[in-house]
Structures are given as C-alpha cells and as structure tokens.
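A short write-up of the structure that comes next.
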Amino acid sequence: MILGLALAVFGVAVPFIGSPYMMGVVFQVAMWIALAQSWSMLSATTGYLSLGHAVFYGIGAYVCVLLTGTLPFELALLAAAGSAGLFAALVGMPVLRVRGPYFVILTYGLSELVRHVVMRIESALGSFGRMIFDVPSTEVLLWWMVGLAVLATLGAYAIRHSRFGAGLAAIREDEVAAETVGVPVTRLKLLAFIASAIIPGAVGGLALLRTSYFEPAQAFDPVISFTIVTMALVGGTETVRGPILGAVGFALLSELLWSSLPQLYMIVLGLTLIGFILFVPKGLSGLLGRIGRAA
Amino acid sequence: MTTPMLSVSGLRAAYGPVQVLFDVDFDVEPGSVTTLIGANGAGKTTIMKSIAGLVAPAAGEISFEGRDITQAASHDRVDAGLCLIPEGRLVFPGMTVEQNLRLGAIAPAARAGHSEMLAEVFRRFPRLEERRGQQAGLMSGGEQQMLALGRGLMARPRLILMDEPTLGLAPVMVKQVFETIEELRATGFTILLAEQNAKVALELADRAYLLENGRVALSGSGAELLDSPDVRRAYLGM
C-alpha cells in the first residue's frame, strides 16, 4: 500500500519536476503496473494463466482510434474499457471451460485471431495504419495512466480481500472442491475474466493516444501478453505488491539495458525470467518478504 | 409415511457413450442414514455427483425437500441445504485448516452466523482447532477427512452426502468416521453414505441399497441386507 501510494504521488508530481524522458519512463511503468495488476485479477487469483491479454489492449486501442475525433477522449477511453470488458464477457464462457495449458494456448490463439481479423479489416478498408491528431497533452495522458495503475492496484487488492477473491482462490486450489462447497465457479471465473479485461482496454486506448498512431500488428502484439506474464511472475503472484515490483523492476532494467547493452537486451531479459522461475518462484515480492523476516 | 427428504427417480447417467446408471430409484428419509453399497464402478460416485450437481443426468428426476433440483446449479443446491463430502476428500491443499473451513460457509445461506458454526465444528473436532493454522495438504488422511466433513458442515446442510469417507484410512480412523456419522444422525442430520466397507455401513444404516452395474439390485433395511445370502457371499465374504 505504501509502495503504491509513493509511486502514485511520484507519478502525479513527475510532470512538474521531471524531463520528458523521465515522463516517458513513468508512463511506461504505470502502464505495465496497470496491465500486470489487471492480469493478476484473473490469473494470479484463479491460476488460469492468460497469455492473450494483448487482445484487450488491442481492442481498447482500436475502439479508441475509431472514436477519437467523434467523441471527447475521456468518453473514447471509457468505450475502450467497456468494449474490452464486453469482449471478455462474450468469449469468456467457452474459453473458461478449458484449464491449464489448454487455457494458456487458447487465450494466446484468441488474441492472435483477433489481431489477424483486425489486420484484414484494416487492409480491406485500404488503411495501412491510422494517424490521429489533436491528442491530449503528455501530462494529461500520464495522469490518466497513473490513475489507471492506482485503480488496477486498488481493484486487485479489493478482489483479494473479498469473498469473491476467496472463491477465486478456492477455484485455483481445486475447482471440483470449490463447487462442492457452493462456490458459483462458472460465474466467478467469468466475472474475474471481465474484471481483468476492462482496465487493459483503457490502457490500450491511452497508449494509442500517446503514440497517436494505430497499427493492428503493433496494438495486438503478442509480446505485450508475454511481457505482462513475465512481469507478474518476476514480481510474484501471491501478493498485490508483486505486479508493482515486477513492472518497476522490469521497466527500469529494460531502460538500463536499452541504453547500455541494446544488443543483449532480449537475451538478458530471457535469462532473468529463467532465473526467477528456477530460483525465485515467489518473485521479488517473496524475496523481499524473506529478507524482511531474516532481518 | 413421511415425505422423503431426497427422492431420486429414473436416474440415468452416461459418460460419453458409456451409460453408467440405469433408472436408479431411491429415497432418503429425514433423520436417517441411508447407505449405497456396491463394488467399484457400480455407480455410487456418479449418483453422489448427480445429486450434488457435478454430473448432469441423462434422464430422471432428483427432488430435495419436495423441490425439483434436477437442473439446479451445484452452488444453488449447497445453498438449499445439501452438501457433498467428495470422494478423495478434496481439501484445499495450499490453504490452512481455518481457511478451508471458512470457505465452507461461502454459500449465501451459510454466511450469517458462520463464526458460531466454526466454533461448533471445532467443538465437534477439537483436532481441527489444534491445527487451525496448519496447511491442509500436509495433514494425515484421517485429519483431512475430518476437515472435509467440517468444511461441509460449515455450509449448514440438512442432508450430507458422504462419498467413500473411509477410503484409504487406517482402521482406527475408519472407526472414528463411523462414530462421527452416528453422532451426526443423533443431532438431526440426514446422511446418504456411499461405502465400499459394506459390513460397517450396513450395521449403521437405517436403509440400504445395493448397486450392481448401475442398477439397484436389492434394497431394504441395513439389517435385511446384512442377512441377505447374496450380500453375505458377494460383499461380506461369508
């Protein structure tokens, strides 16, 4: 909580004190916190690991690019979030029937499917990327993104500490047992899926406004999904601070690598992930907890 | 003749093309212990799962306290007052004893007064209170069975379905499970018990049904089935 609060204050203050570069970094960090935290609402709680969260981000970006100019950007972002949630509601029932590795592959496949469909639609319309003009200032976008990161963190916290979260944890432990004690398994999974989709939709919209350029292959890039999962795992999935630590650590690491060792960037990131999975299964959060207890 | 608490009629169930239940009929009277006995694969677990809503029957009707629940969702059945203690116990292994028990009261009807219920479960099973902070997956089979039953009681059921509660337990624990069932009956619970341990189950049962290949082959009081030459030869080894 203190960690989150400090980050939020820093994020809001950064336009007054920091350079454009600094603002860019904070925007990225806030974005990844919002995404990883949203992902954790479904995947960390139930153990249904989504490898397709780029689809919600992409839908948000697409809806936002179609509506910007027609609607004020605040409403376009709301529509982006709503569309991502609606999409989750529509596909959730069949998708959440499968578990384990099948769910992982299915969410990845679904995300790729939507990416290709949007690419076909766009090329059929003769569009090779859309530019948008008249976007809000960088400061405004940054505040929105920090707001989403805070909202996602509060949401993830609220879910974990509610009866809803207890039901989701029961599903992760043993789905049949959860059903025998009276957890409405299907309904809870669907609600968690929708909850985890909404904020990524708005994040996609905001990221679009920041780059002011839409290109389907980029908006639905599967690397977004991979990065979310990596950050959440590196940070640790057992606590709400995990995704924050993962996003901050990862974003800072990548900034450092890009500036000093650009040619080794992906290699080092890959090694980091392998190292964490093998030696620090509870992530940075678990590591901090262990150090805290030892001290 | 009182109305049965649970009434199963014409129940059929299949896993894919393989039919496992053929027009099964039976009743459970309120306040009784009713036992389903039969060999492995006779269909006991499928019957239990159908009643709990974990398996969708192909045909037939299940009614609980006069209400048709054949199509009801499993969580609505728990809320209505019936609870399955599943085969293999299925405790939440990574959670503590207390977390397991609290999850047992997740059904809306069980939420009010779940602290009193927790106290009652601890009174019934002092061992669970001693171990309330222990991770459930690390406990012995007997303790896990106690926990599964305690978790079921947290839902405040009127009918408890117990599927093979003694499976894999040491003889001393088996005895304890049956004592617990008697205590539960004495305090007003109704119990449907599926057991391979036919002798003890029949001694305890008010009413019993012998299942063979997905059909009810024989029914009667527990004592009647104990005296039946077929049961004695095939299931009691006498």
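Heads up: the sequence lines are chains A and B, in that order.
Just so we're aligned, residue 1 is where the first sequence starts under the working numbering, counting upward by one.
Just so we're aligned, residue 296 is where the second sequence starts under the working numbering, counting upward by one.
Even for Gly, the Cβ is constructed at its ideal location relative to N, Cα and C.
Distance between residue j and residue i (C-alpha atoms, nearest Å)
i              : j              : result
residue 336(B) : residue 87(A)  : 43 angstroms
residue 45(A)  : residue 192(A) : 9 angstroms
residue 489(B) : residue 330(B) : 6 angstroms
residue 273(A) : residue 162(A) : 31 angstroms
residue 450(B) : residue 280(A) : 38 angstroms
residue 252(A) : residue 228(A) : 15 angstroms
residue 124(A) : residue 218(A) : 18 angstroms
residue 531(B) : residue 339(B) : 18 angstroms
residue 126(A) : residue 119(A) : 11 angstroms
residue 444(B) : residue 168(A) : 21 angstroms
residue 128(A) : residue 121(A) : 11 angstroms
residue 234(A) : residue 277(A) : 8 angstroms
residue 366(B) : residue 348(B) : 8 angstroms
residue 249(A) : residue 164(A) : 30 angstroms
residue 285(A) : residue 291(A) : 10 angstroms
residue 61(A)  : residue 271(A) : 31 angstroms
residue 341(B) : residue 255(A) : 57 angstroms
residue 293(A) : residue 500(B) : 53 angstroms
residue 12(A)  : residue 142(A) : 8 angstroms
residue 320(B) : residue 514(B) : 10 angstroms
Given residue i as reference, the closest of the options once Cα atoms are compared
i              : options                           : result
residue 317(B) : 520(B), 510(B) and 525(B)         : 510(B)
residue 196(A) : 179(A), 51(A), 37(A) and 76(A)    : 37(A)
residue 360(B) : 485(B), 310(B) and 480(B)         : 485(B)
residue 516(B) : 362(B), 504(B), 387(B) and 526(B) : 504(B)
residue 474(B) : 355(B), 402(B) and 498(B)         : 498(B)
residue 47(A)  : 270(A), 74(A) and 170(A)          : 170(A)
residue 304(B) : 312(B), 347(B), 350(B) and 363(B) : 363(B)
residue 303(A) : 200(A), 232(A), 234(A) and 82(A)  : Any property of residue 303(A) remains undetermined from this structure, which presents chain A solely from 1 to 295.
residue 246(A) : 147(A), 139(A) and 287(A)         : 287(A)
residue 152(A) : 7(A), 33(A) and 127(A)            : 33(A)
residue 386(B) : 180(A), 294(A) and 225(A)         : 180(A)
residue 372(B) : 319(B), 301(B) and 410(B)         : 301(B)
residue 84(A)  : 144(A), 194(A), 249(A) and 74(A)  : 194(A)
residue 116(A) : 64(A), 59(A), 147(A) and 138(A)   : 59(A)
residue 448(B) : 165(A), 13(A), 139(A) and 182(A)  : 182(A)
residue 166(A) : 321(B), 328(B), 306(B) and 390(B) : 390(B)
residue 496(B) : 346(B), 519(B) and 422(B)         : 519(B)
residue 275(A) : 230(A), 244(A), 248(A) and 257(A) : 230(A)
residue 424(B) : 397(B), 408(B), 404(B) and 405(B) : 397(B)
residue 322(B) : 413(B), 487(B) and 492(B)         : 487(B)
residue 462(B) : 442(B), 369(B) and 492(B)         : 492(B)
residue 356(B) : 341(B), 306(B) and 506(B)         : 306(B)
residue 111(A) : 74(A), 73(A), 15(A) and 54(A)     : 54(A)
Residue i burial status per 10 Å Cβ neighbour count (16 or more: buried)
i              : result
residue 395(B) : buried
residue 189(A) : buried
residue 266(A) : exposed
residue 28(A)  : buried
residue 39(A)  : buried
residue 297(B) : exposed
residue 224(A) : buried
residue 470(B) : exposed
residue 301(A) : Here chain A comprises residues numbered 1 to 295, so residue 301(A) is not present and cannot be evaluated.
residue 236(A) : buried
residue 93(A)  : exposed
residue 466(B) : exposed
residue 100(A) : exposed
residue 345(B) : buried
residue 42(A)  : buried
residue 440(B) : buried
residue 6(A)   : exposed
residue 522(B) : exposed
8 angstroms Cβ cutoff, residue i in contact with chain E
i              : result
residue 402(B) : Chain labels in this structure do not include chain E; the protein chains are A and B.
Using a Cβ distance threshold of 8 angstroms, determine whether the segment 152-159 of chain A contacts the segment 240-254 of chain A, with at least three qualifying pairs required. With a cut-off of 8 angstroms on Cβ pairs, the segment 152-159 of chain A is in contact with the segment 240-254 of chain A, counting three or more such pairs.
Within the segment 330-384 of chain B, note down every full beta strand (DSSP E) run reaching 3 residues or more, in order along the chain. If we require 3 residues or more, the beta strand (DSSP E) runs fully inside the segment 330-384 of chain B come out as 354-359 and 377-380.
Mind the definition here: the segment 207-215 of chain A touches the segment 121-135 of chain A only if three or more C-beta pairs lie below 8 angstroms; say whether that holds. When C-beta atoms of the segment 207-215 of chain A are compared with those of the segment 121-135 of chain A, three or more pairs fall below 8 angstroms, so the two segments count as touching.
Three or more beta-carbon pairs under 8 angstroms between the segment 371-379 of chain B and the segment 450-457 of chain B, yes or no? Yes: at least three Cβ pairs fall under 8 angstroms.
Meets three-Cβ-pair contact criterion under 8 angstroms: the segment 422-436 of chain B and the segment 470-482 of chain B: Not touching, per the Cβ criterion.
Would you call the segment 70-85 of chain A in contact with the segment 14-32 of chain A, where contact means no fewer than 3 C-beta pairs closer than 8 angstroms? Result no; under three Cβ-Cβ pairs closer than 8 angstroms.
Just to confirm the assignment: which complete alpha helix (DSSP H) runs, minimum length 4, are found wholly within the segment 121-165 of chain A? Complete alpha helix (DSSP H) runs here, min 4: 138-160.
Please give me, in chain order, every unbroken run of the beta strand (DSSP E) with length at least 3 that falls completely inside the segment 491-519 of chain B. Complete beta strand (DSSP E) runs here, min 3: 502-507 and 510-515.
Does the segment 416-426 of chain B come close enough to the segment 254-270 of chain A that 3 or more CB-CB pairs lie under 8 angstroms? Contact fails: fewer than three Cβ-Cβ distances are below 8 angstroms.
Can you list the alpha helix (DSSP H) stretches of 4 or more residues lying completely in the segment 420-449 of chain B, in chain order? Look at the segment 420-449 of chain B and you find these whole runs of alpha helix (DSSP H), each 4 residues long or longer: 421-425 and 436-448.
Uninterrupted alpha helix (DSSP H) stretches inside the segment 263-294 of chain A (no shorter than 4 residues): Entirely contained in the segment 263-294 of chain A, the alpha helix (DSSP H) runs reaching 4 residues are, in chain order, 265-279 and 283-294.
Identify every run of the alpha helix (DSSP H) within the segment 445-487 of chain B, keeping only runs that are complete inside it and at least 4 residues long; order them along the chain. Every unbroken stretch of the alpha helix (DSSP H) spanning 4 or more residues and falling wholly within the segment 445-487 of chain B is given here in chain order: 466-481.
Could you pull out every unbroken alpha helix (DSSP H) segment of at least 4 residues lying fully inside the segment 155-230 of chain A, listed in chain order? Qualifying alpha helix (DSSP H) stretches, in chain order: 163-173, 175-180, 185-211 and 216-219.
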